Amino acid sequence: MKRTLLQFCVVALLVASSVIAGDTFELRGRVTNELTEEQHRAVTVVVTDRLGTELARTRPDKSGRYQIKISGPQFIIIKAELEGFPTLRYQLDTKQYKESTTDREENRVFGEMRIQTYYQNITFGVAQPRLEVPSEAPAPMSLEELLANEEPAVVKDYQEARRQREGGALKKAVDSFEKLTKKHPEFYIGLVDFGMILVAQQENDRALDVFTRARDLRPGHSWGYIGLGMVLNNKKDYQGASQHLEKAVSLEPTSVNAQFQLGFALFNLGEMDRSLTCFQRVVDLNPAFNPMAYKYISSIYVKKNNAAGAGKALRSYLAQFPDAPDRDRVEQILKKLGQ
Numbered sequence: 002m003k004r005t006l007l008q009f010c011v012v013a014l015l016v017a018s019s020v021i022a023g024d025t026f027e028l029r030g031r032v033t034n035e036l037t038e039e040q041h042r043a044v045t046v047v048v049t050d051r052l053g054t055e056l057a058r059t060r061p062d063k064s065g066r067y068q069i070k071i072s073g074p075q076f077i078i079i080k081a082e083l084e085g086f087p088t089l090r091y092q093l094d095t096k097q098y099k100e101s102t103t104d105r106e107e108n109r110v111f112g113e114m115r116i117q118t119y120y121q122n123i124t125f126g127v128a129q130p131r132l133e134v135p136s137e138a139p140a141p142m143s144l145e146e147l148l149a150n151e152e153p154a155v156v157k158d159y160q161e162a163r164r165q166r167e168g169g170a171l172k173k174a175v176d177s178f179e180k181l182t183k184k185h186p187e188f189y190i191g192l193v194d195f196g197m198i199l200v201a202q203q204e205n206d207r208a209l210d211v212f213t214r215a216r217d218l219r220p221g222h223s224w225g226y227i228g229l230g231m232v233l234n235n236k237k238d239y240q241g242a243s244q245h246l247e248k249a250v251s252l253e254p255t256s257v258n259a260q261f262q263l264g265f266a267l268f269n270l271g272e273m274d275r276s277l278t279c280f281q282r283v284v285d286l287n288p289a290f291n292p293m294a295y296k297y298i299s300s301i302y303v304k305k306n307n308a309a310g311a312g313k314a315l316r317s318y319l320a321q322f323p324d325a326p327d328r329d330r331v332e333q334i335l336k337k338l339g340q
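Each position in the sequence shown, counted from 1, maps to that position plus 1 in the numbering used here.
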């Protein structure tokens with residue numbers, strides 16, 4: 002089937018690139034609310050990994066702008082707090098975000114280190130939808146709950162391995178996690194973290210083995226299935242990925258990462274209706290989770306010859322990410338869509 006020029010334009014937003022977990026990068030943005038200088042300075046911006054380990058924190062200046070330099074993993078959580086407002090959480094997948102913004106300023110020099118810049122604005126006071134979780138799918142155990150019953154020496158070694166990873170010493174971290182999980186083969190969260198590092202380093206075969214062990218240890222917990230889905234997506238085994246991710250979603254329906262990864266697998270299988278449902282659920286659960294969700298939604302609507310739906314998704318993307326470096330490019334596509 003021949004693609005139209007418009008389809009090429011929208012699909013171009015999905016072209017892949019890569020960034021290595023553990024890279025040093027810069028995160029910047031601004032608080033978009035109308036606040037006083039004192040309130041702007043009272044905002045706390047904390048960056049953690051997905052399991053809650055703090056990587057950096059800062060406060061905006063009097064105009065509400067903030068900037069942080071981080072050595073971190075591929076996936077980071079940005080948490081913003083201000084007294085009197087709901088706490089906000091955004092997830093940034095640096096790999097996917099870079100894929101969507103190829104025309105940004107890249108490799109800006111910080112001393113002798115060349116780094117990538119990412120953007121995340123903060124908007125307080127927007128109520129996020131709370132979706133009901135079916136009673137047969139209880140919330141999975143948190144990191145704290147998973148670690149609570151572990152021996153102190155195991156937790157200490159685990160935390161040291163994570164510090165190595167978050168400090169960019171990936172080879173040491175891999176060695177530490179490998180030793181830890183060999184010595185304690187039933188240490189579930191250690192296997193999950195070990196698998197995530199291997200995925201980031203594109204060691205997919207090793208990661209597949211590690212996540213399989215994690216899944217077998219806790220078949221009622223979603224993280225092992227999510228890891229397997231991510232690995233199989235990387236290996237382009239989208240059918241296998243979708244099977245694991247559907248299980249993850251059944252265990253944890255409000256996991257935005259599971260929904261996103263499942264949407265990606267279904268997109269590549271050509272199951273556009275089901276993929277659309279997943280990506281729509283991602284933006285419903287957390288509108289700031291990943292900018293690529295909006296672009297997949299738009300691409301699916303283009304494939305369905307629904308210009309209005311495609312345009313709405315891209316306008317939502319620009320509203321959620323007003324400082325997106327590819328804004329001009331997206332606005333050109335909106336014009337082609339007649340939106």
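Backbone N, C-alpha and C define an ideal beta-carbon position, used for all residues, glycine too. Please read all numbers here as calculations on a predicted model, not as lab measurements.
So, helix, strand or coil for residue i, using DSSP?
i	result
Thr278	helix
Ser45	The residue asked about is misnamed: residue 45 is Thr in this sequence, not Ser. Three-state DSSP puts Thr45 in a strand.
Thr59	strand
Arg330	helix
Gly30	strand
Arg66	strand
Glu82	strand
Gln321	helix
Arg90	strand
Pro135	Unreliable positioning characterises Pro135 in this predicted model, as indicated by a pLDDT of 43, which lies under 50. The coordinate reading is nonetheless provided below. In this structure, Pro135 counts as coil in the three-state DSSP scheme.
Just the C-alpha distance for residue i and residue j, rounded to the nearest angstrom, thanks.
i	j	result
Glu179	His185	10 Å
Tyr189	Arg207	16 Å
Gln68	Phe290	19 Å
Gln202	Asn150	30 Å
Pro87	Thr278	27 Å
Asn34	Thr124	6 Å
Gln321	Pro288	7 Å
Lys219	Arg282	The question names Lys, yet the displayed sequence has Arg at residue 219. Rounded to whole angstroms, Arg219 to Arg282 spans 26 Å at the Cα level.
Glu84	Leu147	30 Å
Arg31	Val44	11 Å
Gln244	Gln333	37 Å
Pro254	Leu286	10 Å
Gly196	Arg328	35 Å
Phe26	Ala57	12 Å
Val175	Gly271	36 Å
Ser173	Lys183	What sits at residue 173 in the sequence shown is Lys, not Ser. Distance between the alpha carbons of Lys173 and Lys183: 15 Å.
Pro323	Pro292	11 Å
Ile198	Glu167	10 Å
Glu152	Trp224	21 Å
Lys337	Leu171	44 Å
Ser136	Val284	Its pLDDT being 40, under 50, Ser136 is placed unreliably in this model, and the value from its coordinates should be taken loosely. Straight-line Cα distance between these residues: approximately 23 Å.
CB-CB under 6 Å to residue i, same chain, minus the five flanking residues each way: which ones, in chain order?
i	result
Arg275	Leu267
Ile79	Val48, Tyr91 and Gln121
Val46	Thr59, Tyr67 and Ala81
Thr103	Residue placement at Thr103 is flagged as unreliable, the pLDDT there being 34, under the threshold of 50; the coordinate-derived value follows with that caveat. Same-chain partners within the cutoff: there are none.
Phe280	Gly264, Ala294, Tyr297 and Ile298
Glu38	Lys63
Pro61	Val32, His41, Val44 and Tyr67
Could you name the residues of the same chain whose beta carbon sits closer than 7 Å to that of residue i, not counting the 5 residues immediately before and after it, in chain order?
i	result
Val232	Val200, Asn205, Ala208, Leu209 and Phe212
Val155	His185 and Phe188
Asn234	Ala242, Gln262, Phe265 and Ala266
I'd like to know whether the C-beta atoms of residue i and residue j end up nearer to each other than 8 Å.
i	j	result
His41	Lys63	yes
Leu335	Gly312	yes
Arg214	Tyr226	no
Leu252	Leu263	no
Leu181	Gly191	yes
Tyr239	Asn269	yes
Gln340	Ala294	no
Ile77	Leu89	no
Gly221	Val193	no
Leu28	Gly65	no
Quick one: residues in its chain with C-beta nearer than 8 Å to the C-beta of residue i, no 5 flanking neighbours on either side, listed in chain order?
i	result
Val331	Leu14, Leu315, Tyr318, Leu319 and Ala325
Ser177	Asp158, Glu161, Ala162 and Gln165
Lys305	Met273
Gly230	Ala242, Ser243, His245, Leu246, Ala249, Ala259, Gln262, Leu263 and Ala266
Asn55	In the sequence as presented, Asn is not what sits at residue 55; that position holds Glu. Excluding residues within five positions, the ones whose Cβ falls inside 8 Å are Val47, Val48 and Thr49.
Lys237	Asn269
Shorter than 7 Å, the distance from the beta carbon of residue i to the closest heavy atom of the ligand ADP, or not?
i	result
Ala162	Judged by which ligands are present, the structure shown has none, so any question about the ligand ADP falls away.
- Give, in chain order, every unbroken run of the alpha helix (DSSP H) that is at least 4 residues long and sits entirely within the region 246 to 317. 257 to 269, 273 to 286 and 293 to 304
- Ignoring anything shorter than 3 residues or poking outside the region 147 to 211, list the beta strand (DSSP E) runs there in chain order. none
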